[in-house]
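A short worksheet on the structure shown next.
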DNA sequence: ACAAAAGTGTTGTCTGTACACCCATGC
DNA sequence: GCATGGGTGTACAGACAACACTTTTGT
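Protein chains in written order, with the working numbering: chain A, 49 to 241; chain B, 49 to 241.
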């Protein structure tokens, strides 16, 4: 957002004296998007001396996983913010491109062992949607037969009777993530890909 | 170090205006231990409002991997610092225990995919030493036959003719980490455990 | 000769991967 | 009836886990 001099930046703000880093991240995300209850995770702190030309600034970067259903209306209008596909990333100010790369890498690692990918999807999603999410994160094709066998074998997806019919004639069954089953299993550590 | 009121803390210091976070970490490690060229990695930034009773302090935590040969002489004397085995960790000030737990967990993840474990060993080390290092990091026994087969199959260890004879009658062969071979292989991503 | 740690192989099980066809439906 | 995307099964290979005995040598 904030296309200062034709160059974009990630959204950000300053930490207040009476709020934690995590609280600041939540507040800033909310103030610029209206979104609440979003999965956020601290990424890294960037502290090169001259990284910000305006003075000495240390940035504690967070990334958020935002449900693809939620973004349209709320974000775009108010703060000339924009969503950008990773493969169309424009030049970014300061070290913000590094931040994006770091976040992408972290997401790839994380998504292999934690069910955070589901936060990026609507509550009801189809296997093809989940597949293409993983393909986007890994920027690589994944065999759909192996993928669905593996996902279903984890036993943390509940199949619904309902089908999503907008993107195909046949329609794809909806699934929901089963938080309870996941929590029972997560102690033994399970692998998502 | 710094047993203020009978409670220990991790070592730390303040970032200067003309140094990066990474430089500060290196400087502080050096000033308190005399050590240089140590593998360090930023862990996490801790920013709860009241985490430090002395005022609002945000701590950017780093962890270092220090060769077990190097520590004896330099550290202990000068700053009443002490090394503590993880399973004998005393109470620590503020959120420092959390930091140690976070670092331990990060190390377990990291060591599975990156050859950073070798930084903790002397340049020449034996397979039993490497094994017990991994057992310490994972706090779990590892089968030595499977372990040595896997490590050797990576092809990044050079066996020396020399043996380490102080800890057994038979003696164990020394190995060295082969940085070059590792770099050739690392693009494909290899798994250490 | 014995104690103490180093070293070494095999087998079964599981997991990952490659691969191709039929199904259901709207038009 | 055909075009489109959804759904399913099998076979092979490689990785992993379990497991016990022999070797070396200092005392």
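We put the CB at the ideal spot given by N, CA and C, even for glycine.
Would DSSP call residue i helix, strand or coil?
i, result
"residue 188 of chain A", "coil"
"residue 147 of chain B", "helix"
"residue 72 of chain A", "helix"
"residue 173 of chain A", "strand"
"residue 232 of chain B", "helix"
"residue 178 of chain A", "helix"
"residue 132 of chain B", "coil"
"residue 162 of chain A", "coil"
"residue 156 of chain A", "helix"
Name the DSSP beta bridge partners of residue i, please?
i, result
"residue 94 of chain B", "B:107"
"residue 224 of chain A", "A:206"
"residue 112 of chain B", "B:88"
"residue 137 of chain A", "Per DSSP, none; premise fails for residue 137 of chain A."
"residue 7 of chain B", "In the structure as shown, chain B begins at 49 and stops at 241. Residue 7 of chain B is therefore absent and cannot be evaluated."
"residue 3 of chain A", "Any answer about residue 3 of chain A is impossible in this case: the structure gives chain A only from 49 up to 241."
Please check the pair residue i and residue j, which I expect to be a contact at CB under 8 Å, by giving their CB distance rounded to whole angstroms.
i, j, result
"residue 213 of chain B", "residue 222 of chain B", "Actually they are not in contact, since the Cβ atoms of residue 213 of chain B and residue 222 of chain B sit about 10 Å apart, beyond 8 Å."
"residue 179 of chain A", "residue 166 of chain A", "About 13 Å separates the two Cβ atoms, so there is no contact after all."
"residue 18 of chain B", "residue 141 of chain B", "As shown, chain B starts at 49 and ends at 241. That puts residue 18 of chain B outside it, with no answer to give."
"residue 91 of chain A", "residue 151 of chain A", "5 Å"
"residue 68 of chain B", "residue 95 of chain A", "5 Å"
"residue 205 of chain B", "residue 226 of chain B", "6 Å"
"residue 224 of chain B", "residue 172 of chain B", "6 Å"
Nearest to residue i by alpha carbon, out of the options?
i, options, result
"residue 169 of chain A", "A:218, A:136, A:90, A:114", "A:114"
"residue 160 of chain B", "B:148, B:202, B:131, B:67", "B:202"
"residue 236 of chain B", "B:71, B:162, B:129, B:107", "B:162"
"residue 62 of chain B", "B:73, B:127, B:85", "B:73"
"residue 129 of chain A", "A:199, A:99, A:55", "A:55"
"residue 127 of chain A", "A:59, A:175, A:145", "A:59"
"residue 84 of chain A", "A:112, A:147, A:97", "A:112"
"residue 244 of chain B", "B:208, B:99, B:118, B:102", "Absent from the model: residue 244 of chain B. The displayed extent of chain B is 49 to 241, so no value can be given."
"residue 70 of chain B", "A:97, A:183, A:197", "A:97"
"residue 230 of chain A", "A:138, A:154, A:200", "A:200"
"residue 185 of chain A", "A:197, A:216, A:153", "A:153"
Go ahead and label residue i buried or exposed: buried means 16 or more other beta carbons lie within 10 angstroms of its beta carbon, across all protein chains shown.
i, result
"residue 87 of chain B", "exposed"
"residue 93 of chain B", "buried"
"residue 65 of chain A", "exposed"
"residue 157 of chain A", "exposed"
"residue 132 of chain A", "exposed"
"residue 177 of chain A", "buried"
"residue 108 of chain B", "buried"
"residue 208 of chain B", "exposed"
"residue 134 of chain A", "exposed"
"residue 155 of chain A", "buried"
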